[in-house]
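Residue numbers for the sequence shown follow UniProt numbering, so the first one is 1 and each next one is one higher.
Glycine included, C-beta positions come from ideal geometry on N, C-alpha and C.
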Amino acid sequence: MTAKKAESTPYRHGGDVWSAAQDGSVPMGEILDLSANINFLGLSPQVRQAIVEGIDQVVHYPDPKCRRLIDALADHLAVPPESICAGNGAVDLLDHWLHAVQARRVLIPEPGFGQYERAVAAQGGVAVRLPLDEKRQFRIDVEAWKKALHAEGCDTAILCTPHNPAGWVWTEKEKQAVLAHIESSPVRLLVDESFLDFLPDGRALSCCPQAAGNDRLAVLYSLTKFFAIPGLRLGALITDSDIIKGIVSRRDPWVVNHLAQAAGVAALADHDYHRKTWERLPQERNYLFQQLSELPGLSPLSSDSNFSLLNVAESGISSTGWTERLRGRGILVRNCNTFLSLGERYLRLAVRDKAATDRLIEAMRAVLAEEGML
Numbered sequence: 001m002t003a004k005k006a007e008s009t010p011y012r013h014g015g016d017v018w019s020a021a022q023d024g025s026v027p028m029g030e031i032l033d034l035s036a037n038i039n040f041l042g043l044s045p046q047v048r049q050a051i052v053e054g055i056d057q058v059v060h061y062p063d064p065k066c067r068r069l070i071d072a073l074a075d076h077l078a079v080p081p082e083s084i085c086a087g088n089g090a091v092d093l094l095d096h097w098l099h100a101v102q103a104r105r106v107l108i109p110e111p112g113f114g115q116y117e118r119a120v121a122a123q124g125g126v127a128v129r130l131p132l133d134e135k136r137q138f139r140i141d142v143e144a145w146k147k148a149l150h151a152e153g154c155d156t157a158i159l160c161t162p163h164n165p166a167g168w169v170w171t172e173k174e175k176q177a178v179l180a181h182i183e184s185s186p187v188r189l190l191v192d193e194s195f196l197d198f199l200p201d202g203r204a205l206s207c208c209p210q211a212a213g214n215d216r217l218a219v220l221y222s223l224t225k226f227f228a229i230p231g232l233r234l235g236a237l238i239t240d241s242d243i244i245k246g247i248v249s250r251r252d253p254w255v256v257n258h259l260a261q262a263a264g265v266a267a268l269a270d271h272d273y274h275r276k277t278w279e280r281l282p283q284e285r286n287y288l289f290q291q292l293s294e295l296p297g298l299s300p301l302s303s304d305s306n307f308s309l310l311n312v313a314e315s316g317i318s319s320t321g322w323t324e325r326l327r328g329r330g331i332l333v334r335n336c337n338t339f340l341s342l343g344e345r346y347l348r349l350a351v352r353d354k355a356a357t358d359r360l361i362e363a364m365r366a367v368l369a370e371e372g373m374l
């Protein structure tokens, strides 16, 4: 276990199509972005319509209480409205929650979403890394997690399910073991459920019902991934109503813009979009896994979400090498060398449709052929 303090870091995430387009090698419209885990269905027609219809209202300040959006979230997440705070993306609310609970030593699985450490450091806290076992495909070991909390003197913990970047989702047994430990200890827990909507039974595995009214448990919920609206920035925090009130009282009253609120309401109501995602995602994910598995030197990890972690070590090409050579062909992938434990051995790939997967595989085969591996 290691502790890390504040440091300044450059942009280290997926989805930066702007930089790729700016270098002039590939026009924006021809870029295939597999570096950001966004729903392959793209923007819902209902959401698009809601945005267009909401344009004329941008002459007014947005609803500071996000009333329609909060009501829609309460219905979708099955929690009381007073337990919900909407925000400018999940990361915005991550910062607010850590500040509200005055987190000091925060246990974070490694590999894990890099914004956790940044947010902890920004609040003056210390991020304590819990290395996940590569032999277990980076799956959490609940007993090791509980021991680390005690041994490292942590007052706070963050867990992510489905886990980013490995893609596993915890079982009901693992969930109950984690929640039982939180109930019997002074530790606060934030569960990041940003990708949980990609599972048809995701609501059953959610901690939202337990978090509502609980000052030691909170859930981060993102609308940007599942509903393909990352450019609008929209997320929610579910926890004790007093913590919610404290956060709302300290922040910008218009943090969620009008178009984001309108899009969120429409997205949550578009049940046909939900159903189509659940029907198609398994087959698209399986196709990507199968195609990658047939290439020499590449080993994809199984995933429950809309992305896959790919071990490229045996290909003889580093993750940076793969990233650069695919970028030259107009394909963006997530270089996982920004995750401490993954080094230059892994890429993360978003699940897209068959045509996108075929384009990726064709490009990867070309790279492998250039190396004499095909």
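Here's a check: name, in chain order, each residue in its chain whose Cβ is nearer than 7 Å to the Cβ of Lys276, leaving out the five neighbours to either side. Leu41
Look at Val219 and Ile238 and say whether their C-beta atoms are less than 7 Å apart. yes
In whole angstroms, give me the CA-to-CA distance for Pro296 and His181. 43 Å
Thinking C-alpha only, which one of Glu152, Gly114 and Cys154 is nearest Cys160? Gly114
DSSP state of Val367, grouped into three classes? helix
Taking all protein chains shown into account, decide if Gly58 is buried (16 or more other Cβ within 10 angstroms of its Cβ) or exposed. Strictly speaking, residue 58 in this sequence is Val, with Gly absent from that position. The residue is exposed, with fewer than 16 neighbouring Cβ atoms inside 10 Å.
Going by DSSP, what residue range makes up the alpha helix (DSSP H) through Ile51? Pro45 to Gly54
Taking just the CA atoms, how far does Asp63 sit from Glu344? 46 Å
Where the alpha helix (DSSP H) containing Val91 begins and where it ends: Ala90 to Ala100
Sequence-distant residues of the same chain with beta carbon closer than 6 Å to Leu77, five excluded per side: Cys208
Among all the DSSP beta bridges, which residues are the ones paired with Pro300? Leu310
For Gln46, I'd like the list of residues in its chain whose CB is within less than 8 Å of its CB, leaving aside the five on either flank, ordered along the chain. Ala266, Ala267, Ala269, Asp270 and Tyr273
Does DSSP put Asp192 in a helix, in a strand, or in coil? strand
Should Ala127 and Val106 be called a contact, given that it needs their Cβ atoms to be closer than 7 Å? yes
Where Arg334 falls: helix, strand or coil (DSSP): strand
Answer with buried or exposed for Leu69, where buried requires no fewer than 16 other C-beta atoms within 10 angstroms of its C-beta. buried
Tell me the DSSP secondary structure of Val169 in three-state form. coil
Locate the alpha helix (DSSP H) running through Leu237, then write down its first and last residues. From DSSP, Leu237 is part of no alpha helix (DSSP H) but of the beta strand (DSSP E) over Gly235 to Ile238.
Can you list, in chain order, the residues of its chain whose CB lies under 8 Å from that of Gly213, leaving out five sequence neighbours each side? Pro80, Ser83, Asp240 and Ser241
Any 3 or more C-beta pairs closer than 8 Å across the segment 274 to 293 and the segment 332 to 346: no
Consult DSSP for Glu294 and reduce its assignment to one of helix, strand or coil. coil
By DSSP's criteria, Arg105 is part of a beta bridge. Which residues make up the other side? Val126
Evaluate Val52 with the Cβ neighbour count: other Cβ atoms within 10 Å of its Cβ, from every protein chain shown; 16 or more gives buried, anything less gives exposed. exposed
Looking only at its chain, what residues have a beta carbon closer than 8 Å to the beta carbon of Glu362, apart from the 5 residues adjacent to it on each side? none
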